[in-house]
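One structure below.
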Amino acid sequence: MVKAKVVASLLNLLFAVYAAAESPPATGRYISQLEGSDWILRSEALHYLAEHEVQSALTPIRSIAEDKSENPWIRGRALIALCKIQTQKDLPPLLLEFSSAPESIHRAAAGEALENYTGTAARNLALRLLSDTVPAVKYRAMATYASMEGAAAWSTIDPPTRAPDPPVLPLAARALAFTGTDEALARLVTLVDDLFKTQGQAETIVRFLADIPEPKLIPLYLGMLEAIEPEDPVFPAIISAIGKHDPADTEDAIRQLLTAGRESATFTAARVITLLIQAPKLGKPLRDALSNAKEIETLQAGLTALGCTEMQPDLHREFFSNFLEHAETNLRTLAIRCLSHCQKANLYEILANIIEDKDKIVRYAALNALLLAPLDKAPTGKLVAYLESSLASTDEPTRALGFKILAHAGNSEDFKPALSMLGDALKSTDDVRREAVASALGSIAPDNGIAPVARSQGYITDWMIVGTFYNDKEHKAFTGELPPEKNIDFNATYPSTYVWALRGNQNKPGEKPIEREVTWNEASVDRTNGKLRMGPLLPPPGTFSLAYAVADFNCTATQEAFLSIDGDDAFKVWFNDKMLAEEIAPYQHRQSCIVSRSQIAIKLRPGINRLLVKSANIGHEWWVRLRLTDADGKPIEAHKQ
Amino acid sequence: MTRYIIPLTTCITVLAIQSATINAQDKPSQSVGVARLTEPVVTAINKGLASLAKKGVQNADGSWGGNQNRVAETALSLMAFMLPGNVPGRGVYGRHMNLAIEYLLNIGKSQRGYIGTPRNHAGMYEHGLAVLALSEAWGQSKNPRIGSALRAAVDIILRSQNREGGWRYSPEPRDADLSMTVMQLVALESASEAGISVPQTTIDKAKDYVLSCQDETSGGFKYQPGGGEPGFARTAAGVMSLIMCGQRNLKQTQRGIAFLKAYPENVKFGKGFSRFHYSHYYAMQSMYQSGDADFHLWYPKISATILSTQKEDGSWHGAHGTAYGTSLSILILGVPYRYLPIYQR
Numbered sequence: 001m002v003k004a005k006v007v008a009s010l011l012n013l014l015f016a017v018y019a020a021a022e023s024p025p026a027t028g029r030y031i032s033q034l035e036g037s038d039w040i041l042r043s044e045a046l047h048y049l050a051e052h053e054v055q056s057a058l059t060p061i062r063s064i065a066e067d068k069s070e071n072p073w074i075r076g077r078a079l080i081a082l083c084k085i086q087t088q089k090d091l092p093p094l095l096l097e098f099s100s101a102p103e104s105i106h107r108a109a110a111g112e113a114l115e116n117y118t119g120t121a122a123r124n125l126a127l128r129l130l131s132d133t134v135p136a137v138k139y140r141a142m143a144t145y146a147s148m149e150g151a152a153a154w155s156t157i158d159p160p161t162r163a164p165d166p167p168v169l170p171l172a173a174r175a176l177a178f179t180g181t182d183e184a185l186a187r188l189v190t191l192v193d194d195l196f197k198t199q200g201q202a203e204t205i206v207r208f209l210a211d212i213p214e215p216k217l218i219p220l221y222l223g224m225l226e227a228i229e230p231e232d233p234v235f236p237a238i239i240s241a242i243g244k245h246d247p248a249d250t251e252d253a254i255r256q257l258l259t260a261g262r263e264s265a266t267f268t269a270a271r272v273i274t275l276l277i278q279a280p281k282l283g284k285p286l287r288d289a290l291s292n293a294k295e296i297e298t299l300q301a302g303l304t305a306l307g308c309t310e311m312q313p314d315l316h317r318e319f320f321s322n323f324l325e326h327a328e329t330n331l332r333t334l335a336i337r338c339l340s341h342c343q344k345a346n347l348y349e350i351l352a353n354i355i356e357d358k359d360k361i362v363r364y365a366a367l368n369a370l371l372l373a374p375l376d377k378a379p380t381g382k383l384v385a386y387l388e389s390s391l392a393s394t395d396e397p398t399r400a401l402g403f404k405i406l407a408h409a410g411n412s413e414d415f416k417p418a419l420s421m422l423g424d425a426l427k428s429t430d431d432v433r434r435e436a437v438a439s440a441l442g443s444i445a446p447d448n449g450i451a452p453v454a455r456s457q458g459y460i461t462d463w464m465i466v467g468t469f470y471n472d473k474e475h476k477a478f479t480g481e482l483p484p485e486k487n488i489d490f491n492a493t494y495p496s497t498y499v500w501a502l503r504g505n506q507n508k509p510g511e512k513p514i515e516r517e518v519t520w521n522e523a524s525v526d527r528t529n530g531k532l533r534m535g536p537l538l539p540p541p542g543t544f545s546l547a548y549a550v551a552d553f554n555c556t557a558t559q560e561a562f563l564s565i566d567g568d569d570a571f572k573v574w575f576n577d578k579m580l581a582e583e584i585a586p587y588q589h590r591q592s593c594i595v596s597r598s599q600i601a602i603k604l605r606p607g608i609n610r611l612l613v614k615s616a617n618i619g620h621e622w623w624v625r626l627r628l629t630d631a632d633g634k635p636i637e638a639h640k641q
Numbered sequence: 642m643t644r645y646i647i648p649l650t651t652c653i654t655v656l657a658i659q660s661a662t663i664n665a666q667d668k669p670s671q672s673v674g675v676a677r678l679t680e681p682v683v684t685a686i687n688k689g690l691a692s693l694a695k696k697g698v699q700n701a702d703g704s705w706g707g708n709q710n711r712v713a714e715t716a717l718s719l720m721a722f723m724l725p726g727n728v729p730g731r732g733v734y735g736r737h738m739n740l741a742i743e744y745l746l747n748i749g750k751s752q753r754g755y756i757g758t759p760r761n762h763a764g765m766y767e768h769g770l771a772v773l774a775l776s777e778a779w780g781q782s783k784n785p786r787i788g789s790a791l792r793a794a795v796d797i798i799l800r801s802q803n804r805e806g807g808w809r810y811s812p813e814p815r816d817a818d819l820s821m822t823v824m825q826l827v828a829l830e831s832a833s834e835a836g837i838s839v840p841q842t843t844i845d846k847a848k849d850y851v852l853s854c855q856d857e858t859s860g861g862f863k864y865q866p867g868g869g870e871p872g873f874a875r876t877a878a879g880v881m882s883l884i885m886c887g888q889r890n891l892k893q894t895q896r897g898i899a900f901l902k903a904y905p906e907n908v909k910f911g912k913g914f915s916r917f918h919y920s921h922y923y924a925m926q927s928m929y930q931s932g933d934a935d936f937h938l939w940y941p942k943i944s945a946t947i948l949s950t951q952k953e954d955g956s957w958h959g960a961h962g963t964a965y966g967t968s969l970s971i972l973i974l975g976v977p978y979r980y981l982p983i984y985q986r
């Protein structure tokens, strides 16, 4: 039983996946699969090849069907596949042979295969099988007969479908569905009710009905959905069956369902709309139905459906807004999310008070919604005032969202107010907060605003740099001494070389380095995190390279200070001609190689103080960063000479 | 839609080759003038075109090339013919060009607007190239189907842009890479110039994707933003697309140009350079658009290499077929021609 279920779901899945394909992509594999010994795999192959009517599979399939030593069930499946693939109109002799076979499983297969044929001979054969004494054969033939005759089959199928035994219930249901008359469908509903009371039968009946293109079945499916729990495993099979029908028919059926006045019907309709048929015309009927809903789950399902992009959520803005004051947190947050899908809604206006809500879940939803809001609706120049409560919040996630919105929606007009409000945080000893504020400010700062933000945090921002000089993997040049560090002369020009070790030219052995001249240039950090990124400041390629950077800054008095340095891949630092630090990170291909030294005690002197940095890079990223703080960890601003 | 073709009124005269000093940090302050072609170059281009037009080289359906990249080879060949001012339907090559246009339109028609060679897994390359070629042809050709085909084809590009702003091998908005994104960006820019409506947001997002592929350290461009190393071909492509978006003076564009220039000459101008035609198709246009100094630095060297590799019959060998090699060689050599709007400064 379990195996049969597995096969059934497998077959359904396969059908769903491959039904839309123009050409069968796995024909060869499935034909090979026919030769195996596993009956599940063979039946899977037969199903696939039949669904795609693969002509080249006819011969191996016929061999299976004709082979009397084969498993009878597999032979039956082969006959069904064969009849589906063959294009001839006349009944094949093999089918006739199966229809008179002593094994009932063969006669049942003949009954099923017969669905592919029309005409008197097929009809007469179906009628003959209808009188079979074995119920599985008789009911299979009955379903086939109904598929041929439609409404005219009613008088024939009426008596046997009144109280069929459970094993043939799905076949009886199929016959009734094909018949399609009001009486037949009324009886089908009764049978389905019975089937749903029988454990495990629901999925079977859906499978037996799913390929019947009768639109009157849609209300039946919707009724099934209404009768089951949302988590019922048969739910996807029913949705898949509805999905095979014309969307216009489904839309009509849902509209009908929404007028039923039952809360469960509204809930079901909303779910089907969300999952399957997002028709804007269903928006108003759904809203009307929801106006009588009491259950939170129904309202949630309704809001979810109306909030789908294809349902044109802008049409339901007012409806969503009604839930912003709802007592239920879930509904409030859902309404906010729905509003965030409305292109025409001014979320900044609608959510102005809600971003200060006492309920933090609602607050988070509102702030997250603002991240999705069109930027042209943001209050340019007044964004900081708008976000004041969030930016100053004591709740860390609220504050982080505030910074995120400021970075996302703010621009240079918001920079000054932001700096005025948040500037103190740049001097904070709380590094997490300081860095979050600096990052947000960096996103909205004008070009000339970056360095001041970095400087406020104690980073050295203004430099003179020169490079690049060739430095091999062993850092020979880095550990040695080059002209710029012997005598710093900003007017000097230095001969240098570089090698091209990037993709396409992997530093071939013996390759002659390329010559060029380099000079000192002014440079400034261009990120609020204080990193002096060498690559953009120096000529390419920046691999196997080193450079020098000098910062001269002014102090008014002697002061104890601490210098923190980090960089990628290696650095040497001198302060007022005295070497302070030398670090080389082990090389890792295509990875950051960061080294750092923290809190090196130095004494700032009155007048000019000089930092000289020698920075080297083998590959990947290349930067260096220096930060000055006082004994309390507060930043010291270093202004250039 | 009327296309404006700028005719060269001057005769093709000898190009004065000027030497230029390499400065890795050139500022974008170069003058932009009219460059001219040498006689050997003109002869080579003419021989190349004649080889493409030779009986039996163009397929009966109007295409060039084998089954694999037929659309690409056809689009490139069509552009090669248009480059020196040939017009579809007129002159010696008029019929060849008309047939090529018909072929591209028929492929588009049979695939609901999508103009990639069927079963080519990287069909979006071809689709972009076809849009580029048809955009350039629109207005020159009297074929009334070009306009609607272009609109449908551009619509496919617009719908296939992914969230990051880029494109990938197939016409669906999944992942993205620089090479494909540049191809679509160039196609969109060309179509836009031809009068097809292209939302600026699409161009902006694509430009952002291209910029996200720039390697911070070297200034070269990588295949995708996440990782990998920058390469010459992708940098040339990235730079070209940025210039086409009007970003010639952007710092990132200039860094890309510096990368191309610093790349070892013996490698980049060598006959065996990887993806030679693809790389220099973009690089040459980038240098031409960058300004006179860069153009004069580059053109004599690349044209010398290309001239030395032309075969007796006028064709060039190419990594993806003879039509591919020949048409791209012509397109590189003929950059100073300004009949194609995309080649205009």
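Heads up: the protein sequence lines correspond to chains B and V, in order. Heads up: the first sequence at position 76 corresponds to 76 in this note's numbering, and the numbers run straight through without jumps. Whatever position you read off the second sequence (first residue = 1), add 641 for this note's numbering. Just so it is clear, CB atoms sit at the ideal spot from N, CA and C, and this is done for glycine as well. A quick note: this is a predicted structure, and the numbers were derived from the prediction, not measured.
Chain-order list of chain V residues neighbouring Trp463 (chain B): empty, with the shortest C-beta distance near 16 Å, by a criterion of under 9 Å. Contact between Ser456 (chain B) and Lys416 (chain B) does not hold, since the beta-carbon distance rounds to 14 Å and is not under 8 Å. Judged by their CB atoms, Thr268 (chain B) and Leu257 (chain B) are nearer to each other than the 8 Å cut-off.
Annotation for Arg625 (chain B): the continuous beta strand (DSSP E) segment containing it runs Trp623 to Thr629. Between Ala172 (chain B) and Pro159 (chain B), the gap from beta carbon to beta carbon reaches 8 Å or more. Membership of Tyr470 (chain B) in the beta strand (DSSP E) is indicated by the continuous run Asp462 to Tyr470. Rounded to the nearest whole angstrom, the CA to CA distance from Leu538 (chain B) to Ile350 (chain B) is 49 Å. In the structure shown, Asp856 (chain V) falls within a coil segment according to DSSP collapsed to helix, strand and coil. If you ignore the 5 residues before and after Thr497 (chain B), its C-beta comes within less than 7 Å of the C-beta of Tyr470, Pro513, Ile514 and Glu515, all in its own chain and listed in chain order.
Counting of Cβ neighbours within 10 angstroms places Ser882 (chain V) among the buried residues, the total reaching 16 or more. Using beta-carbon distances, Pro374 (chain B) does not count as an interface residue toward chain V, since no partner is under 8 Å. In the DSSP assignment, Glu388 (chain B) is bridged to no other residue. Remark: three or more beta-carbon pairs, one from each stretch, lie closer than 8 Å, so the stretch 873-889 of chain V and the stretch 823-835 of chain V are flagged as touching. Closer than 8 Å to the CB of Phe862 (chain V) there is not a single CB belonging to chain B. Within the stretch 800-873 of chain V, complete alpha helix (DSSP H) segments of at least 4 residues are found at 819-835 and 841-853, given in chain order. Here Ala141 (chain B) has Gly111, Ala126, Leu129 and Leu130 as same chain residues with Cβ atoms under 6 Å from its own Cβ, once five neighbours each way along the sequence are excluded.
Looking from the CA of Thr204 (chain B), the closest CA among B:His620, B:Ala113, B:Ile40 and B:Ala241 belongs to B:Ala241. With a threshold of 8 Å between beta carbons, Pro536 (chain B) makes contact with chain V. Beta-bridge analysis with DSSP links His639 (chain B) to B:Asn554. Counting the other Cβ atoms within 10 Å of the Cβ of Thr179 (chain B) gives 16 or more, which makes it buried. Within the model, the alpha-carbon separation for Asn448 (chain B) versus Asp472 (chain B) is close to 36 Å. Glu515 (chain B) carries a strand assignment under DSSP once its states are collapsed to helix, strand and coil. Per DSSP, the unbroken alpha helix (DSSP H) holding Trp939 (chain V) starts and ends at Asp933 to Ser949. Closest in alpha carbon position to Thr333 (chain B), among B:Tyr348, B:Ala385, B:Asp359 and B:Gln343, is B:Asp359. Boundaries of the beta strand (DSSP E) harbouring Thr493 (chain B): Thr493 to Tyr498, taken from the DSSP string. Excluding five sequence positions before and after Glu813 (chain V), the CB atoms of its chain that fall closer than 8 Å to its own CB belong to Ser801, given in chain order. Between Leu604 (chain B) and the set B:Asp431, B:Glu560 and B:Cys342, the nearest pair of CA atoms involves B:Glu560.
Boundaries for Ile355 (chain B): no beta strand (DSSP E) harbours it, and the DSSP string shows neither H nor E there.
The beta carbon of Thr181 (chain B) lies closer than 8 Å to those of Ala151 and Trp154 in the same chain, with the five residues before and after it left out. Inter-residue distance for Val518 (chain B) and Ala352 (chain B) is about 55 Å (C-alpha atoms, whole angstroms). Among the CB atoms of chain B, one or more fall inside 8 Å of the CB of Arg896 (chain V). Secondary structure note for Lys531 (chain B): it is in no beta strand (DSSP E), with a DSSP letter that is neither H nor E. Within chain V, Thr858 and Ser859 have C-beta atoms less than 8 Å from the C-beta of Thr543 (chain B), given in sequence order.
Just so you know, the alpha carbons of Pro446 (chain B) and Ala400 (chain B) end up roughly 22 Å apart. Secondary structure note for Asn609 (chain B): its beta strand (DSSP E) is the uninterrupted segment Gly607 to Asn617.
Counting only the Cα atoms, Gly381 (chain B) lies some 51 Å from Ser915 (chain V).
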